[in-house]
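Peer 1: This is the structure I have questions about; it appears just below.
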Amino acid sequence: METNQVYYINKMNDHLSLKQRANPNYSLRAFSRDLGIHSSTLCQIIKGKRRLPIKHASSVVERMSLSPKEKTLFMESLYRSKTNIDNIKIDSTDRRFMLDESYHKVIAEWEHYAVLELFNLENFEATPKEVSYQLGITLNRSEVVLKNLITSGLLKEDGHGKLVKTHEDIKTTEDVSSKALRESHLETLEMGKHKLEEIEVELRDFSSATVAIDLEKLPEAKTIIREFRQKMSALLRDGEKTDVYQLAIQFYPLTENAKKSIKEKQ
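As structure tokens, then:
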């Protein structure tokens, strides 16, 4: 397995090591009891001889009391170990700055991400007037967005008084309930409705598919979607950048069985 695929194994080993450091009598059997996994299974997992079953993943990250960033890295590492769509190189997740719920406005309101992407365009200067022109928003709204990004520490003034980004890439938690993320998704859906009517078909792509699935493969499907997003970004960022686009993917059940299955596990 590659390094980015064994983060979850390293994290479990680190957690066990810390427990044993605090209590020399703490055994692998005690660790398996605390995680709710059979000891023989856990032994194989931490040695890299078998993967952590997806069905145990959520309870394991909760029982290990991982931070939102650690939870995301743990789950991505586990999912990535089950599937692989290579060829396009993407940056390491560890190098991307993690936004949590404390960045509520930045996550929830689309203009903030859009402004950060504008920095990748040729000759862009982060002024309220330029942001207003590029995104089609009011001058006042542009000023508020820039102020929010500065306050959040995502923008700062350089030695010449120009605004620059403090991080090359940012991300949010995955598969972790967040009010800000839900608001962001709702904004994206609403914006998509307007763009469907306003933008010529040559400049956009809207598509969908309805498919019967094996629910056990949902974690792998999520991984493929995440890697596709990252690789699509890597592909499109290679070259002269002239515009900022929004890529939105929704994947949800039309039948009631999936919701019943979740309730039964709780």
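Taken in order, the sequence shown gives residues 12 to 277; the numbers are from the numbering used here. Quick reminder that beta carbons are idealized off the backbone N, C-alpha and C, glycines included.
Compare the Cα-Cα distances from T183 to each of H171, H196, G172 and K173 and report the closest residue.
Peer 2: Taking the first residue of the sequence shown as position 1, residue 183 is located at position 172. Answer by Cα proximity: H196.
Peer 1: Buried or exposed for A191, please, with buried defined as at least 16 other CB atoms from any protein chain shown within 10 angstroms of its CB.
Peer 2: Translated into the one-based positions of the sequence shown, residue 191 becomes position 180. Burial call: buried.
Peer 1: Within a Cβ cutoff of 7 Å, which residues of the same chain sit near A68, ignoring the five residues on either side of it in sequence?
Peer 2: On the sequence shown, residue 68 is found 57 positions in, with the first residue counted as 1. Excluding sequence neighbours, A68 sits near M86 and L89.
Peer 1: Please state the DSSP three-state secondary structure of I56.
Peer 2: Looking up residue 56 in the sequence shown gives position 45. DSSP places I56 in helix when its eight states are reduced to three.
Peer 1: So, is A137 buried or exposed, given that buried needs 16 or more other C-beta atoms within 10 angstroms?
Peer 2: Reading the sequence shown from its first residue, position 126 is the one you call residue 137. Result: buried.
Peer 1: Just the Cα atoms here: how many angstroms apart are G47 and V71?
Peer 2: Along the sequence shown, one-based indexing puts residue 47 at 36. Along the sequence shown, one-based indexing puts residue 71 at 60. Taking the straight line joining both Cα atoms gives about 8 Å.
Peer 1: Return the Cβ separation of V142 and V126 in integer angstroms, given the expectation that the two are a contact with Cβ distance under 8 Å.
Peer 2: Walking along the sequence shown from the start, residue 142 turns up at place 131. Walking along the sequence shown from the start, residue 126 turns up at place 115. A Cβ-Cβ separation of about 6 Å places V142 in contact with V126 under the 8 Å criterion.
Peer 1: With a Cβ-Cβ cutoff of 7 Å, do S189 and V117 count as a contact?
Peer 2: The residue you call residue 189 lines up with position 178 of the sequence shown. The residue you call residue 117 lines up with position 106 of the sequence shown. No, Cβ-Cβ distance for S189 and V117 is not below 7 Å.
Peer 1: For V17, does the three-state DSSP call read helix, strand or coil?
Peer 2: Within the sequence shown, the letter at position 6 stands for residue 17. V17: coil per DSSP, three-state reduction.
Peer 1: On the three-state DSSP scale, how would you describe V126?
Peer 2: Taking the sequence shown and counting its residues from 1, the one referred to as residue 126 is at position 115. Of the three classes helix, strand and coil, the one that applies to V126 here is helix, per DSSP.
Peer 1: Rounded to whole angstroms, what is the Cα-Cα separation between I101 and T83?
Peer 2: Start at 1 with the first residue of the sequence shown, and residue 101 comes out as number 90. Start at 1 with the first residue of the sequence shown, and residue 83 comes out as number 72. In this prediction, I101 has a pLDDT of 49, which is less than 50 and means its spatial position is unreliable; what the coordinates show is noted afterwards. Distance between the alpha carbons of I101 and T83 is about 17 Å.
Peer 1: Cα-Cα, which of E122, Y114 and L214 is closest to I148?
Peer 2: Position 137 of the sequence shown, counted from the start, is the residue given in the question as residue 148. Minimum Cα distance to I148 is reached at E122.
Peer 1: Let me check understanding here. Comparing Cα to Cα, which of T234, R61 and P264 lies closest to A220?
Peer 2: Stepping through the sequence shown from its first residue, residue 220 is reached at position 209. Checked all of T234, R61 and P264; the closest Cα to A220 is P264.
Peer 1: Can you give the Cα-Cα distance for P230 and I65, rounded to whole angstroms?
Peer 2: Here residue 230 refers to the residue found at position 219 of the sequence shown. Here residue 65 refers to the residue found at position 54 of the sequence shown. In a straight line, the C-alpha of P230 is about 7 Å away from that of I65.
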